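Trainee:
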Amino acid sequence: MGGLAHVQGKPMSKESPCPRKAHVQGKPMSKETVIDLRSDTVTLPNQEMRQAMLSAELGDDVIDVDPTVERLQSVIAERLGHEAAIFMPSGTMTNQVALRLHCRPGDEFLCEERCHIFNFEQGAFAQLSGLVARTIPTETALLQLSDVQSLIRPPSEHMTRTRLLCLENTHNLGGGRIHPLETVQELCQWARQNGLATHLDGARLFNAVVATGIEASRWGSLFDSVSVCFSKGLGAPVGSALCGSRELIDEARFHRKLFGGAMRQSGVLAAAALYALEHQVDRLEQDHRHAGILADGVLRSDLLTLDPSAVESNIVIFKVDPNWGTAPEFVEALADRDVRMMPFSRQHVRAVTHMHVDEPMAKHAAAVVEAVAARDA
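Heads up: the sequence shown begins at 1275 in my numbering, then just goes up one per residue.
In structure tokens form, the structure reads like this:
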């Protein structure tokens, strides 16, 4: 998935794993006819969100206080069961600041081997903070207590020190899987009993909230820190928040500045995040339902396999049989029919539903997947 930034930003070469349709057919795509399922980050603000941004009360959040940012931080901290929060440009930054706060250079953190922090953040924990990741293989992408119980290193001048346990919920590369609350409780209790801090990459935590009916505070309060993203399923254009104790967040502000994440009149962005929290959480259920429709289209083909076999939120990952070809080739064939998805490996394709995909579009995309798998003309 090394070409993700180029897929969503710049034109790509023919060697790229997911070329724009403009380069496949030599002409630009009409936004009105394309069903874009590459990510839930491709959404645009609606008029109400734009108006909230336009009318936001602003200040200098670096020198002083931006009142809209301050309100967002208060709202999201309370929503996630924590004392305080800090607004940052991206989930990568909130994750990396959290790792830096919980660990010192040379320390080790535990994480599942397919997690976002390890795979899609350029090894920033090593580059920026001098940390070591101990990745844990699982069949389901969801850690169990039995996976971690023997992994804390004993005190020794020859070893790194195990300091932190990280979870991801929902799990992106795990196909949007949701960690069961009971398992999360067991893991966090084990970590606490063994002197480890805990961090949740909750980029799509609100998908888990809506899918399970379990309040965000019940998930969030289990962890020492929680990162949540406003620009994925919630549909804001920019931004994430890191939540934790007041002491932790005061220290996070210091490191946010170091990483270049301090923004001035950032209330214009915080207003969009506030609007998303107030108006666009419950509607995530529609995205989950539409993902189920896509999954049904996959299941109708003998040459495609859902991986995982059940869709729990808004992410659908399926494997393309090598007898058909590769995932990039399958994605290119979809693009020829104005449906865009993302190759996640040589044989895996990811589709993510979002607020710009309604039920007829989901049904049409499912039919296109079925037709491409059957090589229908």
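Every residue gets a Cβ at the ideal spot worked out from N, C-alpha and C, and that includes glycine. Quantities reported herein were computed from a predicted structural model and do not represent experimental measurements.
Work out the CA separation of A1351 and V1500 for me, nearest whole Å.
Mentor: Locating residue 1500 in the sequence shown gives position 226, where the first residue counts as 1. Locating residue 1351 in the sequence shown gives position 77, where the first residue counts as 1. V1500 and A1351: Cα-Cα distance of roughly 9 Å.
Trainee: Which whole-angstrom value is the C-beta distance of L1543 and T1627, which I expect to be below 8 Å?
Mentor: One-based indexing of the sequence shown puts residue 1543 at position 269. One-based indexing of the sequence shown puts residue 1627 at position 353. Rounded, the Cβ-Cβ distance is 24 Å, inconsistent with contact.
Trainee: What residue does the beta strand (DSSP E) around F1592 start on, and which one ends it?
Mentor: For the purposes of this step, residue 1592 is taken as residue 318 along the sequence shown, with counting starting at 1. Looking at the DSSP string, the run of the beta strand (DSSP E) that includes F1592 is 1589-1594.
Trainee: What does a CB cutoff of less than 8 Å around P1596 pick up in its chain, not counting 5 residues either side in sequence?
Mentor: To locate residue 1596, count along the sequence shown from 1; it is residue 322. Contacts found: Q1621.
Trainee: Taking just the CA atoms, how far does P1511 sit from N1320?
Mentor: Locating residue 1320 in the sequence shown gives position 46, counting from the first residue. Locating residue 1511 in the sequence shown gives position 237, counting from the first residue. Roughly 10 Å between the two C-alpha positions.
Trainee: Would you kindly work out how many angstroms separate the C-alpha atoms of E1431 and E1460, rounded to a whole number?
Mentor: Sequence index remark: in the sequence shown, residue 1431 carries index 157 (1-based). Sequence index remark: in the sequence shown, residue 1460 carries index 186 (1-based). Rounded to the nearest angstrom, the two C-alpha atoms are 30 Å apart.
Trainee: Just to confirm my understanding: we take V1613, look at its own chain, exclude 5 residues before and 5 after, and list those with CB closer than 6 Å. What are they?
Mentor: In the sequence shown, counting from the first residue as 1, residue 1613 sits at position 339. Within the same chain, V1613 has close Cβ partners I1309, A1639, V1642.
Trainee: Return helix, strand or coil for G1300, following the three-state DSSP convention.
Mentor: Counted from its first residue, the sequence shown places residue 1300 at position 26. For G1300, the predicted model reports a pLDDT of 28, less than 50, meaning its position is unreliable; a value from the coordinates is still stated below. G1300 falls in the coil class under three-state DSSP.
Trainee: Do the CB positions of P1363 and G1449 come within less than 7 Å of each other?
Mentor: For the purposes of this step, residue 1363 is taken as the residue at position 89 of the sequence shown. For the purposes of this step, residue 1449 is taken as the residue at position 175 of the sequence shown. Not a contact, by the Cβ cut-off of 7 Å.
Trainee: DSSP on P1341, reduced to helix/strand/coil?
Mentor: Taking the sequence shown and counting its residues from 1, one reaches residue 1341 at position 67. Of the three classes helix, strand and coil, the one that applies to P1341 here is helix, per DSSP.
Trainee: Return helix, strand or coil for R1620, following the three-state DSSP convention.
Mentor: Position 346 of the sequence shown holds residue 1620. It is coil, neither helix nor strand.
Trainee: By the three-class DSSP mapping on this structure, what secondary structure does G1541 have?
Mentor: Counted from its first residue, the sequence shown places residue 1541 at position 267. The answer is helix: DSSP assigns G1541 an H, G or I state.
Trainee: Helix, strand or coil, according to DSSP, for C1385 in the structure here?
Mentor: As a working mapping, residue 1385 is identified with position 111 in the sequence shown. Three-state result, C1385: strand.
Trainee: Along the beta strand (DSSP E) that carries R1520, what are the first and last residues, could you check?
Mentor: Here residue 1520 refers to the residue found at position 246 of the sequence shown. No beta strand (DSSP E) holds R1520; the alpha helix (DSSP H) holding it covers 1520-1532.
Trainee: When burial is assigned at 16 or more other CB atoms within 10 Å of the CB, is S1420 buried or exposed?
Mentor: Here residue 1420 corresponds to residue number 146 of the sequence shown, with the count starting at 1. S1420 comes out exposed.
Trainee: Hey, quick one: how far does the beta strand (DSSP E) through H1473 stretch, first residue to last?
Mentor: Within the sequence shown, the letter at position 199 stands for residue 1473. From DSSP, the beta strand (DSSP E) with H1473 extends over 1471-1476.
Trainee: Pick helix, strand or coil for A1490, following the three-state DSSP scheme.
Mentor: The count along the sequence shown starts at 1 and reaches residue 1490 at position 216. In this structure, A1490 counts as helix in the three-state DSSP scheme.
Trainee: Quick one: Cα of F1618 to Cα of V1605, how far?
Mentor: For the purposes of this step, residue 1618 is taken as residue 344 along the sequence shown, with counting starting at 1. For the purposes of this step, residue 1605 is taken as residue 331 along the sequence shown, with counting starting at 1. One C-alpha to the other measures close to 10 Å.
Trainee: Output needed for A1648: all residues of its chain with C-beta closer than 6 Å, excluding positions within five of it in sequence on either side, in chain order.
Mentor: If you number the sequence shown from 1, residue 1648 lands on position 374. Closer than 6 Å at the Cβ level, and outside the excluded window around A1648, lies no residue.
Trainee: Could you check how far apart the C-beta atoms of S1514 and G1365 are, in whole angstroms? I think they sit under 8 Å.
Mentor: In the sequence shown, counting from the first residue as 1, residue 1514 sits at position 240. In the sequence shown, counting from the first residue as 1, residue 1365 sits at position 91. Indeed they touch by this definition, with Cβ atoms about 4 Å apart.
Trainee: In terms of residue numbering, what span does the alpha helix (DSSP H) encompassing T1317 cover?
Mentor: Here the question's residue 1317 lines up with position 43 in the sequence shown. T1317 -> no alpha helix (DSSP H), and no H or E assigned at all.
Trainee: Return the CA-CA distance between K1301 and D1610, expressed in angstroms with no decimal places.
Mentor: Here residue 1301 corresponds to residue number 27 of the sequence shown, with the count starting at 1. Here residue 1610 corresponds to residue number 336 of the sequence shown, with the count starting at 1. Only weak support exists for where K1301 lies, its pLDDT of 33 falling under 50; the value from the coordinates is given anyway. Approximately 11 Å, taken between the alpha carbons.
Trainee: Confirm, please, whether the CB-CB distance from T1368 to L1516 is below 7 Å.
Mentor: Taking the first residue of the sequence shown as position 1, residue 1516 is located at position 242. Taking the first residue of the sequence shown as position 1, residue 1368 is located at position 94. It is a contact, given that the beta carbons lie within the stated cut-off.
Trainee: Is V1371 helix, strand or coil by DSSP?
Mentor: As a working note, residue 1371 is residue 97 in the sequence shown. In the structure shown, V1371 sits in a helix (DSSP, three-state: H, G or I).
Trainee: Would you identify the three-state DSSP class for R1557, choosing helix, strand or coil?
Mentor: In the sequence shown, the residue the question calls residue 1557 occupies position 283. Three-state DSSP puts R1557 in coil, outside helix and strand.
Trainee: Could you pull the start and end residues of the beta strand (DSSP E) that F1394 belongs to?
Mentor: Position 120 of the sequence shown, counted from the start, is the residue given in the question as residue 1394. Careful: F1394 lies outside any beta strand (DSSP E) and carries neither H nor E.
Trainee: How long is the line joining the alpha carbons of T1342 and E1552, rounded to whole angstroms?
Mentor: Along the sequence shown, one-based indexing puts residue 1342 at 68. Along the sequence shown, one-based indexing puts residue 1552 at 278. Spanning the two alpha carbons is a distance of roughly 14 Å.
Trainee: Would you mind sorting A1546 into buried or exposed? The rule is 16 or more other CB atoms within 10 Å of its CB.
Mentor: Along the sequence shown, one-based indexing puts residue 1546 at 272. Buried, because 16 or more other Cβ atoms sit within 10 Å of the Cβ of A1546.
Trainee: Which same chain residues, not among the five before or five after I1410, have their C-beta less than 8 Å away from its C-beta?
Mentor: Residue 1410 sits at position 136 when you count from the first residue of the sequence shown. Excluding sequence neighbours, I1410 sits near L1384, C1385, E1386, E1387, L1417, D1421, V1422, L1425.
Trainee: Taking only runs that begin and end inside the segment 1428-1468, name each unbroken beta strand (DSSP E) of 3 or more residues, in chain order.
Mentor: Within the segment 1428-1468, the complete beta strand (DSSP E) runs of at least 3 residues are 1436-1442.
Trainee: For the putative contact between N1443 and G1476, defined by C-beta atoms under 8 Å, what is the C-beta separation to the nearest angstrom?
Mentor: Position 169 of the sequence shown, counting from 1, holds the residue named residue 1443. Position 202 of the sequence shown, counting from 1, holds the residue named residue 1476. At roughly 6 Å, the Cβ-Cβ gap stays under 8 Å, so N1443 and G1476 are in contact.
Trainee: Looking at the strands, I want to know which residues DSSP matches up with A1358.
Mentor: The residue labelled residue 1358 in the question sits at position 84 within the sequence shown. According to DSSP, which records beta bridges pairwise, A1358 is partnered with G1518.
Trainee: Is DSSP giving S1329 helix, strand or coil here?
Mentor: Taking the first residue of the sequence shown as 1, we reach residue 1329 at position 55. Reduced to three states, the DSSP call for S1329 is coil.
Trainee: When you compare only the Cα positions, how much space is there between G1535 and R1574?
Mentor: To locate residue 1535, count along the sequence shown from 1; it is residue 261. To locate residue 1574, count along the sequence shown from 1; it is residue 300. Distance between the alpha carbons of G1535 and R1574: 46 Å.
Trainee: What residue from R1374, A1550, A1415 has the CA that sits closest to A1400's CA?
Mentor: Walking along the sequence shown from the start, residue 1400 turns up at place 126. Comparing Cα-Cα distances from A1400 to each of R1374, A1550, A1415, the minimum goes to R1374.
Trainee: Apply the 10 Å Cβ neighbour rule to F1528 and answer buried if 16 or more other Cβ atoms are within range, or exposed otherwise.
Mentor: Locating residue 1528 in the sequence shown gives position 254, counting from the first residue. When all chains shown are included, F1528 counts as exposed.
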